[in-house]
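Everything below concerns the one structure shown next.
Chains as they are written, first to last, in the working numbering: chain A, 1 to 378; chain B, 1001 to 1265.
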């Protein structure tokens, strides 16, 4: 994974000197490729675990979710930071990225709104994660500081939830500019709300998958009871999105398009069956929802559906309108995206192990024993 | 009202003089091309070719038909590119041209996704790239001259002037043409109106003009979502705080109940 990460960094540096055309297969008919679609438009909703879990923990007052929330919020912070870093290399003039936000902006641009909300939300994520650091420090001033943060935390959580609803939905607004140039299978008059709903569902599902990964990696218990309740939330958001998408197809009179014998309709079917029907079938049954492997399968399906929707909107659904002929990411594009994704995982696991109370209950490792001793000394 | 151009496709002889004039005035270098079965050359518009005469050979009423369609930026009255630009780098000037301010562009390429006509072209081959497009020769226009392509056209196929006046001219030509033109001024209503309008002698399917474009101003597509953001924020905020109040109350009641239970023991 580190090798992949390093090669991605190498490609990113090389790209600065040779331009986008030399390392990517981007063209005027495919202006947004893998780096925009995956590294920005997909990575942001993958980080939706942060605001959804903070919402559960603070506004539903579900203190039992503390561990799970901590993990999700750190994951979100890493995803958003990583997205920002990757975006730098996708835009043509990276050094100008902050300028529109500060000096010249266009409030009619959905992209402008996304950029501002993401920048502000990064601050929120930072604040939400400060208690992890101060807990680790176990110094007198750190404790005082932590108390202060706890006092203002609900305010920041609310701010984060508002910002997230804005930018998660505005990522959908981005492609509403295409209107009906977007393929009828993915065209939706309110694509922004579909993106918000699927981001909520995917955010909670990422949380379930993180718990599963942690229980595998660190041999912690998988908290089926807590997570199956999250599954209900997933089912609610996903169910609305599912019905709304099918309903809109019917209203637009393009229901017949789903039987079109071409690759894009097959992709649509896979997206619907794996990303919506299968998870909904599992999550709406109490017995299946409370079964660990079925719950994890449903969560994986939801995340697949979220990724599929975004990828299809960027590529499959726009190909014809853009007159694009066979864009396929170059080797360097693949390496960049895979490498940075791998690097993000590495950094996450490092932080999850280093910061207190993230992984959950498990057999104590030597380093954790040290923390406990220090705490006992106070 | 702003300036515009009227391109009368029946008068175009396909000489490509406009392409040359455009390259000369805007200092655009020539691009390597290869022989291709279409006569359009260069075959596509790029960051270095802002206008092309697109050739189309088809059949109409059993006769071979060749049409020439001069394509470039249409300088929409409500440009999609301007509305989506994150850095407000693209502006429609009061004169009519839609131009890119290269000093403000960050290179996100959203305008390329947004433009229904695929006009903005990017310098993908450069480490410090620019987003390029036809400027309607804004520099010449501001100096009281007409765009280079209009000035050079040997057959008067490209007229430059006030859009309103050109629209009137176009309609007069249709009325007096006795069937020479189809009864449609392309760009009068397309995407909410464009500054560059076209007259055609044959149905649009026999030209390279894009047929399936909306008549709504494209910026409305995203604005309808963006103007709901305050309502969305209000709904999310009220829901969050409402749930917080409810959860607090529920916890208090449960705590009180637990206390009561303890008391009984």
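Beta carbons are placed, not taken as given, at the ideal position from N, Cα and C, and that holds for glycine.
Using the beta-carbon count (16 or more within 10 Å), is residue i buried or exposed?
i                       : result
residue 308 of chain A  : buried
residue 74 of chain A   : buried
residue 1163 of chain B : buried
residue 305 of chain A  : buried
residue 36 of chain A   : buried
residue 39 of chain A   : buried
residue 1257 of chain B : exposed
residue 1196 of chain B : buried
residue 11 of chain A   : buried
residue 1308 of chain B : No information on residue 1308 of chain B is available, as it lies outside the stretch 1001 to 1265 that chain B covers here.
residue 1255 of chain B : exposed
residue 1180 of chain B : exposed
residue 90 of chain A   : buried
residue 1034 of chain B : exposed
residue 1069 of chain B : buried
residue 376 of chain A  : Confidence is the limiting factor: at residue 376 of chain A the pLDDT is only 46, short of 50, which leaves the residue's position unreliable and the question unanswerable from this model.
residue 18 of chain A   : exposed
residue 1057 of chain B : exposed
residue 331 of chain A  : exposed
residue 1064 of chain B : exposed
residue 121 of chain A  : buried
residue 1032 of chain B : exposed
residue 457 of chain A  : Residue numbering for chain A in the displayed model covers 1 to 378; residue 457 of chain A lies beyond these limits and cannot be assessed.
residue 411 of chain A  : Because chain A spans 1 through 378 in this model, residue 411 of chain A falls outside it and cannot be assessed.
residue 1104 of chain B : buried
residue 247 of chain A  : exposed
Starting from the Cα of residue i, find the closest Cα among the options and give me that residue.
i                       : options                           : result
residue 24 of chain A   : A/137, A/54, A/92 and A/42        : A/92
residue 27 of chain A   : B/1037, B/1126 and B/1029         : B/1126
residue 294 of chain A  : A/126, A/192, A/208 and A/106     : A/208
residue 1134 of chain B : B/1234, B/1110, B/1099 and B/1113 : B/1099
residue 190 of chain A  : A/21, A/351, A/249 and A/79       : A/249
residue 234 of chain A  : A/256, A/203 and A/358            : A/203
residue 262 of chain A  : A/211, A/296 and A/183            : A/183
residue 1078 of chain B : B/1237, B/1232, B/1217 and B/1225 : B/1217
residue 1226 of chain B : A/110, A/317 and A/224            : A/110
residue 1030 of chain B : B/1045, B/1037, B/1039 and B/1248 : B/1045
residue 1232 of chain B : A/266, A/247, A/197 and A/213     : A/197
residue 149 of chain A  : A/272, A/41 and A/132             : A/132
residue 1140 of chain B : B/1132, B/1177 and B/1151         : B/1151
residue 241 of chain A  : A/219, A/225 and A/272            : A/272
residue 3 of chain A    : A/206, A/339, A/211 and A/358     : A/339
residue 1177 of chain B : B/1201, B/1193, B/1234 and B/1190 : B/1201
residue 1094 of chain B : B/1002, B/1129 and B/1160         : B/1002
residue 314 of chain A  : A/145, A/5, A/335 and A/32        : A/32
residue 1052 of chain B : B/1090, B/1249, B/1074 and B/1062 : B/1074
What does residue i pair with, by DSSP beta-bridge criteria?
i                       : result
residue 27 of chain A   : A/30
residue 1132 of chain B : B/1121
residue 1004 of chain B : B/1161
residue 1198 of chain B : B/1007 and B/1186
residue 1085 of chain B : According to DSSP, which records beta bridges pairwise, residue 1085 of chain B is partnered with nothing at all.
residue 990 of chain B  : Past the boundaries of the shown model lies residue 990 of chain B; chain B is included only from 1001 to 1265, so the question cannot be answered.
residue 1153 of chain B : Bridge partners of residue 1153 of chain B: none, in fact.
residue 1076 of chain B : B/1194
residue 1046 of chain B : B/1049
Along the chain, where does the beta strand (DSSP E) containing residue i start, and where does it finish?
i                       : result
residue 1160 of chain B : 1158-1162
residue 1066 of chain B : 1063-1071
residue 1052 of chain B : 1052-1060
Between which two residues does the alpha helix (DSSP H) carrying residue i extend?
i                       : result
residue 149 of chain A  : 140-176
residue 293 of chain A  : 292-314
residue 17 of chain A   : 2-18
residue 123 of chain A  : 110-137
residue 382 of chain A  : Nothing can be reported for residue 382 of chain A: it is not among the residues displayed for chain A, which extend from 1 to 378.
residue 416 of chain A  : This structure does not reach residue 416 of chain A, given that chain A is present from 1 up to 378, and the question cannot be answered.
residue 1104 of chain B : Here residue 1104 of chain B belongs to no alpha helix (DSSP H), and DSSP marks it neither H nor E.
residue 67 of chain A   : 66-90
residue 318 of chain A  : Unbroken run through residue 318 of chain A: none, as it is neither H nor E.
residue 1112 of chain B : 1110-1114
Inset, instruction - Count the C-beta pairs between the stretch 1074-1085 of chain B and the stretch 1006-1021 of chain B that are closer than 8 Å, then say yes if the count reaches three, no if not. - result: no
Legend entry - Meets three-Cβ-pair contact criterion under 8 Å: the stretch 114-124 of chain A and the stretch 161-169 of chain A: Result yes; three or more Cβ-Cβ pairs closer than 8 Å.
Legend entry - Meets three-Cβ-pair contact criterion under 8 Å: the stretch 170-180 of chain A and the stretch 1209-1223 of chain B: Enough Cβ pairs lie closer than 8 Å, so yes.
Inset, instruction - Spell out a yes or no on whether the stretch 337-357 of chain A and the stretch 223-238 of chain A are touching, meaning 3 or more CB-CB pairs, one atom from each, closer than 8 Å. - result: The stretch 337-357 of chain A vs the stretch 223-238 of chain A: no contact.
Inset, instruction - Evaluate the contact criterion for the stretch 1148-1168 of chain B versus the stretch 1003-1014 of chain B: three or more CB pairs, one atom per stretch, below 8 Å. - result: yes
Legend entry - Three-pair Cβ contact test at 8 Å for the stretch 41-59 of chain A versus the stretch 75-88 of chain A: yes
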